[in-house]
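Undergrad: Take a look at this one; I'll ask things after.
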Amino acid sequence: MNAAGVILYGPPGAGKDTVTAELVQQDPSYALFERLKAGPGRTAGYRLTSVQHIDSLDRAGEILYRNVRYEAEYAIDRGGLSELIDGGHTPVLHMGQVAGVKAVEMFPLHWIRVLLWCPYEVTKARCTERGDKDIEARLKAWRETQQDLLNHSTDSWALALETNLLSPRESASAIHRAVEQKAEGRRHHIRRLVA
């Protein structure tokens, strides 16, 4: 079986954490790729570090993608991905920028691009329910994600899943099927997002 990776792209509140947890529940070989993070905010699901450390890795050519959001800096490093793969895992990456998706795809894996989507009001409700302290910043990120998709409207996604209409289990099952088909060398249906 060829090594594969999953990229979950979508706005805040679209269910990236929830769908990842369900993927791991269905198959423990999936593992969240914990991005490097320097700055304030949530700590769960990240490898906390400093901007200086990220700069050092970047100068060494180890950073695939870095970005700033919510007053913190995030980075995806080659070493972190390699460690997961060497451990027999299928990495699951959470992304919020199409530029980041494209940068990560330069890492030699069979990548499955998945768009997780939900309406603005659903993001607002979910962020409120989970107690986010920076809801306005997350709603701004939702609008930025929508514009990002419109700016890349010709890009294709292996799956486009509306998480307000599907259960986490249904979403994870669809992703798992796409990964299995890719690993077996079968072509899976490519769905193009229609703006």
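Sequential numbering of the sequence shown, starting at 11, is according to the working numbering. Quick reminder that beta carbons are idealized off the backbone N, C-alpha and C, glycines included. Small disclaimer: the values here were computed from a predicted structure and weren't measured.
(1) On the DSSP letters alone, give me the boundaries of the alpha helix (DSSP H) that residue 146 sits inside.
(2) Please classify residue 30: does DSSP put it in a helix, a strand, or coil?
(3) If you draw a straight line from the alpha carbon of residue 191 to that of residue 120, how long is it in whole angstroms?
(4) Under the assumption that residue 79 contacts residue 106 (Cβ atoms under 8 Å), give the Cβ distance between them as a whole number of angstroms.
(5) From which residue to which residue does the alpha helix (DSSP H) around residue 89 run?
(6) For residue 131, count neighbouring Cβ atoms within 10 angstroms of its own Cβ and tell me buried if that reaches 16, exposed if not.
(7) Let me make sure I understand the geometry here. Which of 62, 113, 165 and 40 has the alpha-carbon closest to that of residue 102?
(8) What does the alpha-carbon distance come out to for the pair residue 49 and residue 73?
(9) Does the stretch 56 to 63 come close enough to the stretch 143 to 156 that 3 or more CB-CB pairs lie under 8 Å?
TA: In brief:
(1) Translated into positions along the sequence shown, residue 146 becomes position 136. Residues 145 to 161.
(2) Against the sequence shown, residue 30 aligns to sequence position 20. It is helical.
(3) For the purposes of this step, residue 191 is taken as the residue at position 181 of the sequence shown. For the purposes of this step, residue 120 is taken as the residue at position 110 of the sequence shown. Rounded to the nearest angstrom, the two C-alpha atoms are 11 Å apart.
(4) One-based indexing of the sequence shown puts residue 79 at position 69. One-based indexing of the sequence shown puts residue 106 at position 96. Between residue 106 and residue 79 the Cβ distance is about 7 Å, and since that is below 8 Å, they are a contact.
(5) Along the sequence shown, one-based indexing puts residue 89 at 79. Residues 88 to 96.
(6) As a working note, residue 131 is residue 121 in the sequence shown. So residue 131 ends up on the exposed side.
(7) Position 92 of the sequence shown, counting from 1, holds the residue named residue 102. When each option's Cα is compared against that of residue 102, the closest is 40.
(8) What you label residue 49 is simply residue 39 of the sequence shown in a count that begins at 1. What you label residue 73 is simply residue 63 of the sequence shown in a count that begins at 1. Roughly 17 Å between the two C-alpha positions.
(9) Counting Cβ pairs under 8 Å, fewer than three are found: no touch.
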